[in-house]
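Sequential numbering of the sequence shown, starting at 495, is according to my numbering. Where a beta carbon is used, it is the ideal one built from N, C-alpha and C, also for glycine.
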Amino acid sequence: MKFFIDTANLDQIREAQDLGVLDGVTTNPSLMAKEGISGVDRVLKHYVDICEIVKNGDVSAEVIATDYAGIIKEGENLAALHPNIVVKVPMIKDGIKAIRYFSDNGIKTNCTLVFSAGQALLAAKAGATYVSPFVGRLDDISTDGIQLIEQIRLIYDNYAYDTQILAASVRHPMHIMKCAEIGADVMTGPLSAIMALLKHPLTDSGLAQFLADHKKASEQQ
Ligand code: E4P
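Written out as C-alpha cells, the structure reads:
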C-alpha cells in the first residue's frame, strides 16, 4: 500500500520523505489555507516546492473551479507545473466530465470528496487515476468509512478497473491498518498517523532492557 501524506506543510513532507516511506502527497484548499498559502503564484510555487521534496511521488493539487471550462483550464495549468502533479477534481457533474477529458489527454486525476460506492463507480468509469473516499469524515457522521473502502474494492475488482483506491481522511493508525487489510491501493493521512505505526510499548521496554544489559556487560569487562 502506498503512503501519501495529507498536508501542505513542507517540514512535515520533508520529515515523511526523510523516513523513506513516502509515496506521495495530497493537498486541498483548506490545507493550503492552513499554511497561509494564497494567491495564484504562491499556490503554484508551493506545489512545485512539494514536488521537489517528494521527487518520485504523485502530488495532488486541487482545482478551485467548479464549471467544466474552468476545471479544464485550471487543471491543465496545474498539470504543466511538474510531471508528478495529479489534478484533484471534486465529485460533481462537471468534475466527472473533466476527469474524462483529462484521462483522454494523459493528465492524471484524483476524484475527491467521494462518499458513496456509486460515486466511486462513476469516477472509475470516467477514467480517474485515483478515487478518494473520505473515511474519517464518514466515521464523523456515524457511517462506517472503512466499509465503503471494502465495497469499492469489491466493485473495482469485479471489473478490473485501473482506478486506484486512495483512502483519504485517514485519521489514525487503525484506519491505516484496516485499509491495508482490505487492499486499498493508497492511504493519505497526517504525519502523526504514520508515526503512530512505529509505537509499541514492548518495543520500548525491550530496547531499554537490551541497552541496559549491553551496558552492564561492557562495565564487567
Ligand atoms: C483528501 O485528499 C483530503 O485532503 C483529506 O484526506 C481530508 O481529510 P480530513 O477529513 O481530515 O480533512
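Proximal residues to residue i (C-beta, below 8 Å), its chain only, five neighbours per side dropped
{"i": "ALA687", "result": "VAL664, ARG665, HIS666, PRO667, HIS669 and ILE670"}
{"i": "PRO523", "result": "GLU556 and ILE558"}
{"i": "ALA674", "result": "MET495 and MET681"}
{"i": "VAL537", "result": "MET526 and ILE531"}
{"i": "LEU685", "result": "ILE499, THR501, GLN506, GLU509 and ALA510"}
{"i": "TYR541", "result": "THR521, VAL553, ALA555, LEU572, LEU575, HIS576 and ILE579"}
Residues near residue i by beta carbon distance below 6 Å, same chain, minus five either side
{"i": "ASP679", "result": "GLN658 and ILE659"}
{"i": "GLY639", "result": "VAL629, LEU632 and ASP633"}
Proximity test, residue i beta-carbon vs the ligand E4P heavy atom, cut-off 8 Å
{"i": "ASN503", "result": "no"}
{"i": "LYS582", "result": "yes"}
{"i": "ASN571", "result": "no"}
{"i": "ARG631", "result": "yes"}
{"i": "LEU685", "result": "no"}
{"i": "SER663", "result": "yes"}
{"i": "ASP500", "result": "yes"}
{"i": "SER636", "result": "no"}
{"i": "THR623", "result": "no"}
{"i": "LEU575", "result": "no"}
Cβ-based burial, residue i [other Cβ within 10 Å; buried from 16]
{"i": "SER554", "result": "buried"}
{"i": "ILE635", "result": "exposed"}
{"i": "GLY612", "result": "exposed"}
{"i": "ASN578", "result": "buried"}
{"i": "THR501", "result": "buried"}
{"i": "LEU648", "result": "exposed"}
{"i": "ALA620", "result": "buried"}
{"i": "LYS672", "result": "buried"}
{"i": "GLU713", "result": "exposed"}
Under the three-state DSSP convention, the category residue i falls into
{"i": "LYS710", "result": "helix"}
{"i": "SER636", "result": "coil"}
{"i": "ILE532", "result": "For clarity, residue 532 is Ser in the given sequence; the question names Ile instead. Coil, per DSSP."}
{"i": "THR521", "result": "coil"}
{"i": "THR623", "result": "coil"}
Contact test: residue i Cβ vs the ligand SAM heavy atom, cutoff 8 Å
{"i": "SER712", "result": "For the ligand SAM, the structure offers nothing, since it holds only the ligand E4P."}
Whole-angstrom distance between residue j and residue i, CA atom to CA atom
{"i": "VAL690", "j": "ILE601", "result": "Checking the displayed sequence, the identity of residue 690 turns out to be Ala instead of Val. The straight-line gap from Cα to Cα measures roughly 34 Å."}
{"i": "THR697", "j": "GLY514", "result": "20 Å"}
{"i": "ILE676", "j": "ALA711", "result": "46 Å"}
{"i": "PRO695", "j": "ALA702", "result": "11 Å"}
{"i": "THR623", "j": "ASP552", "result": "11 Å"}
{"i": "GLY533", "j": "SER699", "result": "50 Å"}
{"i": "LYS693", "j": "ALA563", "result": "47 Å"}
{"i": "ALA573", "j": "ASP707", "result": "56 Å"}
{"i": "LYS709", "j": "LEU516", "result": "35 Å"}
{"i": "CYS545", "j": "ASN571", "result": "15 Å"}
{"i": "ASP651", "j": "ALA661", "result": "16 Å"}
{"i": "VAL581", "j": "THR637", "result": "28 Å"}
Close-in-space but distant-in-sequence residues of the same chain around residue i (CB under 7 Å, 5 per side omitted)
{"i": "ILE565", "result": "VAL557, ALA559, VAL583, ASP588, GLY589 and ALA592"}
{"i": "ILE586", "result": "THR560"}
{"i": "ASP543", "result": "LEU504"}
{"i": "LEU615", "result": "ILE649"}
{"i": "VAL539", "result": "The residue you asked about is not Val; residue 539 is Lys in the sequence shown. Taken in chain order, the list of residues that qualify is empty."}
Residue-chain proximity (residue i, chain C), Cβ-Cβ < 9 Å
{"i": "ILE688", "result": "Among the chains in the structure shown there is no chain C, since it carries only a single protein chain."}
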